[in-house]
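Here the structure comes first, spelled out in structure tokens, and everything after it is commentary.
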Amino acid sequence: MANLGIPQNTIAVLQKYHFNFQKKFGQNFLIDTSVLNRIISAAEITKEDCVLEIGPGIGTMTQYLAESAREVVAVEIDKALIPILEDTLSAYDNVTVINDDILKVDINKIVQEKNSGNPIKVVANLPYYITTPIIMGLFESHVPLKSITIMVQKEVADRMQVGPGTKDYGALSLGVQYYAKPEIVANVPPNCFIPRPNVGSAVIRLTRFNEPPVQVKDESRMFALIRASFNQRRKTLVNGLGNAAGLSVTKEQVRAALEQMGLPATVRGETLTLKQFARLSNLLTEKQ
Ligand code: SAM
127 MANLGIPQNT IAVLQKYHFN FQKKFGQNFL IDTSVLNRII SAAEITKEDC VLEIGPGIGT
187 MTQYLAESAR EVVAVEIDKA LIPILEDTLS AYDNVTVIND DILKVDINKI VQEKNSGNPI
247 KVVANLPYYI TTPIIMGLFE SHVPLKSITI MVQKEVADRM QVGPGTKDYG ALSLGVQYYA
307 KPEIVANVPP NCFIPRPNVG SAVIRLTRFN EPPVQVKDES RMFALIRASF NQRRKTLVNG
367 LGNAAGLSVT KEQVRAALEQ MGLPATVRGE TLTLKQFARL SNLLTEKQ
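Quick note on the numbering used here: the sequence shown kicks off at 127 and runs consecutively.
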């Protein structure tokens, strides 16, 4: 099958199958060989690797992955794409296509079956409408992972990478940075896709830490605290957390914990580092 990174070849496949793009599935297919090569090199794919691809589309990146990895598992929700993938990937015997929703499949089971439970790499041009649940789902369900190399909306890539004191800093930054080291490896303009998205895109690599950078007594409690802090971004932590449903901490407890950390009672969540959130969470957990 011809290289689908070349626009004419993608157009020929779309015409052959009278394919209708489904907006609801975030379908923007890559048509740029240099971007595809950049993703493969950023993910450092070798013949040892088992790769999970989320949303193969018509199989463009899957072809590149199949050439460089040992094994590829691609999960695609749109059943109209399955016969197309059978055609475009017919030359490869190291690709398994699963017709399912990535948010519903048991990825740990796939890793067990295809890679004996050893860490895999995730590579994807993600459907932008579910970027955060996909990434946080992979981390929080503790899928054995080396790295996640993904195309996302530029603005979302920025949010994953920034630190405190910037407008983009929030629960996603902290969630990602607890589990991985984020690095933006390429900015990608809309004309590299068919159809063109109406936002800029970026490729970001998240390299999984072996150990989290901070010690937390109760991970899920720290994330509940972080979410509550940014839900009410303009409020001080004392007011925001003291009122938050489900956290069961009082304003006095928050004030006392902040004091112990040497922080003023007027501090807002957007200025706290991951280390400070971990400390705050640990102090408030002790008070339970
Ligand atoms: N990988 C292809 C490429 O780069 O040309 C397609 C990328 S396109 C941005 C996103 C793909 O994800 C589409 O094929 C879409 O149908 C698929 N998709 C959307 N939601 C999904 C879900 N919940 N589970 C699995 N695949 C999904």
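The beta-carbon is built from N, C-alpha and C at its ideal position, and this holds for glycine as well.
Measuring straight from C-alpha to C-alpha, what distance separates residue i and residue j?
i: Asn163; j: Glu345; result: 37 Å
i: Asp226; j: Asp232; result: 10 Å
i: Val199; j: Ile274; result: 14 Å
i: Ile165; j: Glu412; result: 44 Å
i: Asp284; j: Asn146; result: 31 Å
i: Tyr218; j: Thr188; result: 10 Å
i: Ala250; j: Glu179; result: 5 Å
i: Leu351; j: Glu337; result: 21 Å
i: Val223; j: Gln341; result: 38 Å
i: Ala297; j: Val237; result: 28 Å
i: Lys240; j: Leu140; result: 31 Å
i: Ile157; j: Val288; result: 29 Å
i: Pro321; j: Gln148; result: 11 Å
i: Ser267; j: Asp213; result: 33 Å
Is DSSP giving residue i helix, strand or coil here?
i: Leu229; result: coil
i: Glu412; result: helix
i: Ala250; result: strand
i: Leu406; result: helix
i: Val237; result: helix
i: Ile210; result: helix
i: Val340; result: coil
i: Ile137; result: helix
State the CB to CB distance for the pair residue i and residue j, rounded to an integer number of angstroms; the pair is presumed to be in contact (CB under 8 Å).
i: Thr172; j: Phe155; result: Contact flag wrong, Cβ pair sits at about 26 Å.
i: Arg416; j: Tyr304; result: Residue 416 lies beyond the residue range present for the chain, which begins at 127 and ends at 414; the question has no answer from this structure.
i: Val314; j: Val329; result: 6 Å
i: Pro270; j: Ile246; result: 7 Å
i: Glu197; j: Asn234; result: So it is not a contact: roughly 16 Å between Cβ atoms.
With a CB to CB cut of under 7 Å and the five nearest residues on each side skipped, what residues in its chain are close to residue i?
i: Gly183; result: Gln153, Phe155 and Leu207
i: Thr392; result: Thr362
Near residue i, which residues of its chain fall below 6 Å by C-beta distance, leaving aside the five closest residues on each side in sequence?
i: Ala195; result: Ile171, Asp175 and Val177
Looking only at its own chain, which residues have a Cβ that is under 8 Å from the Cβ of residue i, when we skip the five neighbours before and after it?
i: Leu229; result: Ile256, Pro259, Ile260 and Gly263
Tell me the start and end of each unbroken alpha helix (DSSP H) in the region 344-401 that is at least 4 residues and wholly inside, in chain order. 345-357, 363-369 and 377-386
Whole alpha helix (DSSP H) elements within the region 155-202, 4-residue minimum: 159-168 and 186-194
Continuous alpha helix (DSSP H) assignments of at least 4 residues falling wholly in the region 257-329: 257-266, 280-287 and 297-305
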